[in-house]
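Colleague: Counted the way our numbering counts, the sequence shown spans residues 513 to 748. Glycine included, C-beta positions come from ideal geometry on N, C-alpha and C. Please see the structure below; I have some questions.
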Amino acid sequence: MADTILIVEHLSAAYGGIRAIDDISFSVGRGEIVAMLGANGAGKSTLLKCLSGEHKRSGGEITFDGEALPAKSYSIVEKGMVVVPEGRQIFYKLTVYENLQIGCCQRKDADGIRRDLEMVYEMFPRLKERERQYGGLLSGGEQQMLAIARGLMARPKLLMLDEPSLGLAPIIVNQIMEKLKQIARQGTTILLIEQNAKKALQICDRAYVMNVGHIVMEGTGEKLLADEQLMQAYLG
Ligand SMILES: Nc1ncnc2c1ncn2[C@@H]1O[C@H](COP(=O)(O)OP(=O)(O)OP(=O)(O)O)[C@@H](O)[C@H]1O
Ligand SMILES: [Mg+2]
C-alpha cells in the first residue's frame, strides 16, 4: 500500500496467562475505512486497547504514521490515534458541550478547536441543539454520536471505534454508519471494530475477521459480504 498509516505486526496480548490475541498482523491505509470483525471474545477490544495504550502488549510492533507507537495513551492521542470506546463512556453529569471539551483537552490551538466544534455541530445538529443538556439525558444513539464527536474534537488522523452500533436500533445504526463514511470522506482514517458485520462491510473499504485471537480472513467489504460461509462460520 502506497500510504499506510497504521501497521500492526505480530501483535500479541494476554491477561495473566490467558492469550487474548495471538500474532495479529494487519494494516490500514490513509483515508480508508477498515473494519475488524469477529464474534464475542474474538479479541477485538483487546486489540483496540493495545492500540490506545490502555493494555500493554506482550509482543509485536505497531507503527503509526511512520513511527513506533508511543507507550502512553496521552502521547498516542497527541500523535493522532483516538478511540471511541466500547459503551460510549461519555460523562453523564457533564453537558454535551463539556463532554466535547474533554475531547480536545490536550490541544492548545484555540482557533482550531473552535472550528472543529463548529464542524462537529454541523455534522451532528442534534448535539448543537442539546449543547447545554447533560450527557446522561441523551438517547443511546445521541450518546454514541456524542462519543464520536468527542473523538473528533481531538482532531484524529485515525479514529478507532469499538462497536458503535451496539444496542442501537437499525435506523440509528444506519445513521451512524453514514456519519462514519462522511468522516472518512473528510479525511479521517477509520478503524471500525464491529460485531454487526453486515453493516460494517457495507461501508468499509477492507475488512479483517478475527476468531479467538487470530485474524482468519481479509478482503474487500464487497468480497466478504458475498461470502456466506464466512458469515456462518465466524459472524453468525
Ligand atoms: N480484563 C480481562 N481480564 C481477563 N480476561 C479478559 C479481560 N478482558 C478480556 N478478556 C478475555 O480476552 C478475550 C478477548 O476479549 P475481548 O474483550 O478482547 O473480545 P471482543 O472481541 O472485544 O468481544 P466482544 O465482542 O464480546 O466485545 C476473551 O476471552 C475475554 O474473556
Ligand atoms: Mg469487545
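Does the beta-carbon distance from G725 to D534 come in below 7 angstroms?
Modeller: A contact, by the Cβ cut-off of 7 angstroms.
Colleague: Do Q618 and V589 count as a contact pair if the criterion is CB distance below 7 angstroms?
Modeller: Cβ atoms of V589 and Q618: closer than 7 angstroms.
Colleague: Between which two residues does the beta strand (DSSP E) carrying A532 extend?
Modeller: First-last of the beta strand (DSSP E) with A532: I530 to G541.
Colleague: When you compare each of Y609, G624, D674 and C616 to F636 by their alpha carbons, which one comes out closest?
Modeller: Nearest of Y609, G624, D674 and C616 to F636, Cα basis: Y609.
Colleague: Given 6 angstroms as the limit, tell me if N723 has its C-beta closer than that to any heavy atom belonging to ligand 1.
Modeller: It does not: the Cβ of N723 is nowhere closer than 6 angstroms to a heavy atom of ligand 1.
Colleague: In terms of DSSP beta bridges, what is F576 paired with?
Modeller: F576 is bridged to L518 and E579.
Colleague: Run the Cβ filter for me: residues under 6 angstroms from any heavy atom of ligand 1, listed in the order they occur in the chain.
Modeller: Chain-ordered list of matching residues: Y527, I530, A532, G550, N552, G553, A554, G555, K556, S557, T558 and Q707.
Colleague: Over the uninterrupted alpha helix (DSSP H) stretch that includes I625, give me the two end residues.
Modeller: Unbroken alpha helix (DSSP H) run through I625: A622 to M635.
Colleague: If N611 and R662 are in contact, beta carbons under 8 angstroms, what's the gap, nearest whole angstrom?
Modeller: Confirmed, Cβ separation roughly 6 angstroms.
Colleague: Rounding to the nearest angstrom, what Cα-Cα distance links S524 and F603 in this structure?
Modeller: About 32 angstroms.
Colleague: Answer yes or no: do T575 and I536 have a C-beta to C-beta separation smaller than 7 angstroms?
Modeller: Against a cut-off of 7 angstroms, the Cβ pair of I536 and T575 comes out as no contact.
Colleague: Can you grab the Cα-Cα spacing for the pair S557 / R569, in whole Å?
Modeller: Rounded to whole angstroms, S557 to R569 spans 13 angstroms at the Cα level.
Colleague: Out of M593, Y586 and D577, which one is the CA nearest neighbour of P668?
Modeller: The shortest Cα separation from P668 among M593, Y586 and D577 belongs to M593.
Colleague: Mark I530 as exposed unless 16 or more other C-beta atoms lie within 10 angstroms of its C-beta, in which case mark it buried.
Modeller: I530 is exposed by the Cβ-count criterion.
Colleague: Under 7 angstroms Cβ to Cβ from E566, same chain only, skipping five residues before and after it: list those, please.
Modeller: If we look at E566 and ignore the five residues flanking it on each side, its Cβ neighbours are S585.
Colleague: Which of the three DSSP states is assigned to T558 in this structure?
Modeller: DSSP places T558 in helix when its eight states are reduced to three.
Colleague: So does the stretch 639–656 actually touch the stretch 613–627, counting three or more Cβ pairs closer than 8 angstroms?
Modeller: The stretch 639–656 vs the stretch 613–627: no contact.
Colleague: Identify which residue in G550, L664 and M689 has its Cα closest to the Cα of G751.
Modeller: Because residue 751 is not part of the residues shown, which for the chain are 513 to 748, the question remains open.
Colleague: Under three-state DSSP, which class holds M665?
Modeller: Three-state DSSP puts M665 in coil, outside helix and strand.
Colleague: Among the candidates R644, I683, R627 and L704, whose CA atom is the shortest distance from the CA of I660?
Modeller: Here the closest residue by C-alpha is L704.
Colleague: What are the boundary residues of the alpha helix (DSSP H) that includes R697?
Modeller: First-last of the alpha helix (DSSP H) with R697: P682 to R697.
Colleague: Do E706 and L560 have their beta-carbon atoms positioned less than 7 angstroms apart in this structure?
Modeller: For L560 and E706, no; Cβs fall outside 7 angstroms.
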